[in-house]
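Residue numbers (our numbering): -3 to 248. Beta carbons: idealized from backbone N, C-alpha and C, even for Gly. Just so you know, these numbers come straight off a predicted model, no measurement behind them. Notes to accompany the following structure.
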Ligand code: NAD
């Protein structure tokens, strides 16, 4: 690595304990670029283990992003410990492969809550601090599913939640741009992680690849690279954008 893009920065990545996930890859790349990272996830032991993987200075904490009081406490603890939070990556997310008529109230609540409410709550916890320092970068994980009307493993409620994330991203970007808090979204296409819940067969993968002009599934590192760009000063004049990381599967 030639240049450390996040030297001296402090970053929070939600849902980053999943071993093959986008959050973990992002946290790792941020750490490689000099950032100190807090990994938040549902399971405390898994979060701590993921943080320890990155090095001793990193922090792993239990945090359910749908629990407003819990989220506030975690962010307060991090500001107390570090004195600053420069970057927030709202990565925690879940999906369910349901059709419209199958979505029960509990399905709707679960998917909207983690993807959309969680993004709002963590942003609300970080922004007052970022605004007071007149600097901050928020990166939200949306999805190609929001843009094209359905993904591969996500139902319509997931598309709606991720479209909600895009709306929230753009509105927050507009609201906090005067405070030098930038907010952007990443729209990944198909990335083989554990979010597919074991539903990805070799046949299904071949079928998916036929719809991707670049001819391969994305990797977690493909998404991490984009998150690094949006979290660093390389993107100093970028806010309210949705960046596609999809191998050409949706060109619009
Ligand atoms: P993953 O399932 O590997 O990881 C998601 C993590 O979120 C898990 O560690 C899980 O424990 C955590 N989590 C779930 N609910 C939580 C909650 N309430 N509070 C805190 N953490 C919680 O998923 P992934 O594929 O790495 O996905 C990361 C993000 O990228 C998600 O928002 C997902 O919707 C989005 N995304 C993924 C893909 C893909 O193809 N993998 C495509 C587009 C968007």
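- The DSSP assignment places complete beta strand (DSSP E) segments of no fewer than 3 residues inside the region 116 to 152 at 132 to 137, in order along the chain.
- Burial check for residue 97: the Cβ neighbour count within 10 Å stays below 16, so the residue is exposed.
- Residue state for residue 59 is assigned as coil, using DSSP reduced to three classes.
- In this structure, 178 is the residue among 178, 151, 174 with its C-alpha nearest to the C-alpha of residue 164.
- In this structure, the alpha-carbon of residue 141 lies about 17 angstroms from that of residue 86.
- Counting only residues of its own chain and dropping the five nearest sequence neighbours on each side, residue 82 has a CB closer than 6 angstroms to the CB of 5, 6.
- At least one heavy atom of the ligand NAD falls within 6 angstroms of the beta-carbon of residue 184.
- Relative to the ligand NAD, the beta carbon of residue 187 is positioned inside 6 angstroms of a heavy atom.
- At least one heavy atom of the ligand NAD lies closer than 6 angstroms to the C-beta of residue 13.
- The alpha-carbon of residue 95 is positioned some 40 angstroms away from that of residue 28.
- Secondary structure at residue 174: helix, using DSSP grouped into helix, strand and coil.
- Taking 7 angstroms as the cut-off, the Cβ atoms of residue 59 and residue 36 count as close.
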